[in-house]
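Each remark here refers to the structure printed beneath this line.
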Amino acid sequence: MSKKDKDYTGFPGDCNQTQLKALADFRNIVNNMGLSDKIYDDPYLLRFLRARKFDIAKTQLMFNDFIKWRKEHDVDNIMTYMFEELPQVRTHYPHGYHKTDKMGRPIYIERIGMLQLNKLFEITSEQRLIKYYIQSYELLLKRIFPACSQAKGKRVDQTFTILDLKGGSMKMVSKQVYNFIQLASNVGQNNYPEILGKMYIVNAPMMFTGIWAMIKIWLDEKTKNKITILGSSYKDELLKHIDIENLPDFLGGNSKCENTDALSLNIGPWNPDGTKPLFPVEQPQQQEEETQQFNQTQEDEDQKQKLDQLKSALADMQFASPTEKAPHNPNKYEVTTQNNHIVSDTPLNTEVGEEDNQFSQQQQQQLQQQLQQE
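Heads up: the sequence shown begins at 4 in this note's numbering, then just goes up one per residue.
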């Protein structure tokens, strides 16, 4: 049974014809900007398209702002940034990645209830912290996601996030905390869209209702729908998504973290034994090599998915009744790919009959030739 258009997620390998057409149009826009398709590949562009529901005008506006923001913050050189105060920052702001969930997504945890903002900003500044956040996102794209993808055997490009409010006090309901959370969220929501897969806020006290009412105002609807707020009865819910051996002990799991400061070790497929420090990170040349290796692996997987789609289309043509008449759909497109990018989006005639002859010998031959080329 064929999927309906609304059932397609817009992720790589799961796009309907309208979404593929939007991707092709957006690809042309990005290419005309002179940007590298090795960095801004189709999965990268699909994140922006999904964030704006495949509306090209809105997506282009968001992407233009993103490129401007990258230049303003010198993101191309951010991996050389040295955040020397990070060990001290973690003391007053415990956070980090710890293993993966059942889908292979890296688990990011912040122990917000232990946050000491006054002491934090005695150690660092807001400007330096923003650079650290940007560097962390780039690290996520360049090292953590590739390692998770390799370990899982499929593309992984979203996170599973847990914010633990245990230990929080009335000080959490303050403008200072609100501004801090907004600072961190804006970097991701505006410039790294669709990175968040799911978020749980656990150990949320009653007083958190007030700050949440302020926070959700500047979150887009899609992001809000990914967030679930729980009190102290959260363990069973987390275990639906995380194996107990990967869940930290302070959250009810079996992974020893409480006395070993495991969050600062950033343990996961990208750093299995916690001995490979993520900060400061390796030089850009090494990062580029790792990214290229990951992209090649993913291109092979994406190519396989496209082949399956072509085979399905060919099968539909071969078994269709020659007298059957289907309604014309002007939004359906015939897609040709080359090097993992869409290079042709010719409108496909969907009417069937002797005059229209949609399922013609010529089209079947074209598809067969494309399958051979792939």
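For glycine and all other residues, C-beta sits at the position ideal for the given N, C-alpha and C.
Just so it is clear, the structure is predicted and the values come from calculations on it, not from any experiment.
- Shown here, histidine 76 sits in coil according to DSSP, grouped into three states, outside any helix or strand.
- Relative to the Cα of threonine 164, the nearest Cα in the group Tyr203, Phe124, Asp8, Ile137 belongs to Tyr203.
- Between valine 205 and leucine 233 the beta-carbon gap is near 5 angstroms, inside 8 angstroms, which marks them as a contact.
- Sorting Asp252, Gln130, Leu52 by C-alpha distance to the C-alpha of proline 15 places Leu52 at the top.
- Cβ neighbours of aspartate 8 within its own chain (closer than 7 angstroms, five residues either side excluded): Asn19, Thr21.
- With a cutoff of 8 angstroms on beta-carbon distance, isoleucine 270 and lysine 105 are scored as not near each other.
- Inside the region 185-265, DSSP marks whole alpha helix (DSSP H) runs of 4 or more residues at positions 211-218, 224-227, 238-242, from first to last along the chain.
- Looking at the backbone, the Cα of aspartate 68 and that of asparagine 257 are separated by about 43 angstroms.
- For glycine 171, same chain residues with a beta-carbon under 6 angstroms away, outside a window of 5 residues either side, are Gly116 in chain order.
- Using a C-beta cut-off of 8 angstroms, the region 210-229 makes no contact with the region 248-257, since fewer than three inter-stretch Cβ pairs fall below that distance.
- Distance from the CA atom of lysine 6 to the CA atom of alanine 25, rounded to whole angstroms, is 19 angstroms.
- Rounded to whole angstroms, aspartate 264 and histidine 95 show a C-alpha spacing of 12 angstroms.
- One thing to note: valine 92 has its Cβ no nearer than 8 angstroms to the Cβ of isoleucine 59.
- Counting of Cβ neighbours within 10 angstroms places aspartate 45 among the buried residues, the total reaching 16 or more.
- With contacts defined as CB atoms closer than 8 angstroms, isoleucine 112 and leucine 266 qualify as a contacting pair.
- Rounded to the nearest angstrom, the Cβ distance from lysine 227 to lysine 219 is 6 angstroms, consistent with a contact under 8 angstroms.
- For the beta strand (DSSP E) assignment, the uninterrupted runs of no fewer than 3 residues enclosed by the region 63-128 are, from N- to C-terminal side, 98-103, 109-113.
- In summary, proline 97 is buried, with 16 or more beta-carbon neighbours lying within 10 Å of its beta-carbon over all protein chains present.
- Closest by C-alpha distance to asparagine 194, out of Ala54, Asn34, Leu118, is Ala54.
- Spatial neighbours of isoleucine 184 in its own chain (CB-CB distance under 7 angstroms, excluding positions within 5 residues in sequence) are listed in chain order as Ile218.
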